[in-house]
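>
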Amino acid sequence: MANATTSTTTQSGETTGSTTTKASDTEALSAQMDVLRNDLAAITDMLGQMGMRRKDETVAAARERVERMRSDGEARWQHAQAKAYETQDELLESIRRQPGTAIGIAVAAGFLAGLITSRK
Numbered sequence: 606m607a608n609a610t611t612s613t614t615t616q617s618g619e620t621t622g623s624t625t626t627k628a629s630d631t632e633a634l635s636a637q638m639d640v641l642r643n644d645l646a647a648i649t650d651m652l653g654q655m656g657m658r659r660k661d662e663t664v665a666a667a668r669e670r671v672e673r674m675r676s677d678g679e680a681r682w683q684h685a686q687a688k689a690y691e692t693q694d695e696l697l698e699s700i701r702r703q704p705g706t707a708i709g710i711a712v713a714a715g716f717l718a719g720l721i722t723s724r725k
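Going by this note's numbering, the first residue of the sequence shown is number 606, and it counts up by one from there.
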């Protein structure tokens, strides 16, 4: 910033610049500071928008993952439940076909449980 300055020299040898040059320098500096302030505000706003966008993307991805995991969990639960009912039906059918064997297994299991729990 080249400004023409008028200066005077006092008897002691000091040089004084004109007040108009100082005022224009101050105004130019003030204008530059206003531009910087506006730029910083724009950058801050842009960063805030980027953060919000990133947050929204992360929340959407997390919700999608939770929904997928819930769906998968329900499918696994239904599969396990179906297998349990199938096993129950097989056991009941086996007991109907061979009631003596079922009673023998129940007696043996009870005897072993009694031995294990009665020992001190």
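Where is the CB? At the ideal position from N, CA and C, for every residue including glycine.
All of these numbers come straight from a predicted model, not from anything done at the bench.
Roughly how many whole angstroms lie between the Cα atoms of A687 and L696?
In the sequence shown, residue 687 corresponds to position 82, counting from 1. In the sequence shown, residue 696 corresponds to position 91, counting from 1. Taking the straight line from one Cα to the other gives about 14 Å.
> Quick one: grab the DSSP three-state call for Q637.
Along the sequence shown, one-based indexing puts residue 637 at 32. Note: Q637 maps to helix in three-state DSSP.
> Which value, in whole angstroms, describes the spacing of the CA atoms of D661 and R670?
Counting from one through the sequence shown, the residue named residue 661 turns up at place 56. Counting from one through the sequence shown, the residue named residue 670 turns up at place 65. Taking the straight line joining both Cα atoms gives about 14 Å.
> Whole angstroms is fine: what's the gap from A713's alpha carbon to A680's?
Here residue 713 is taken as the residue at index 108 of the sequence shown, counted from 1. Here residue 680 is taken as the residue at index 75 of the sequence shown, counted from 1. Straight-line Cα distance between these residues: approximately 37 Å.
> The ligand COA heavy atoms versus the CB of Q686: any closer than 6 Å?
Of ligands this structure carries none, so the ligand COA is not represented either.
> R701 to S676, Cα distance in whole Å?
Locating residue 701 in the sequence shown gives position 96, where the first residue counts as 1. Locating residue 676 in the sequence shown gives position 71, where the first residue counts as 1. Computed Cα separation, rounded: 38 Å.
> With DSSP as the reference, label M683 as helix, strand or coil.
Taking the first residue of the sequence shown as position 1, residue 683 is located at position 78. Residue identity differs from the one stated: residue 683 is Gln in this sequence, not Met. Residue state, collapsed to three classes: helix.
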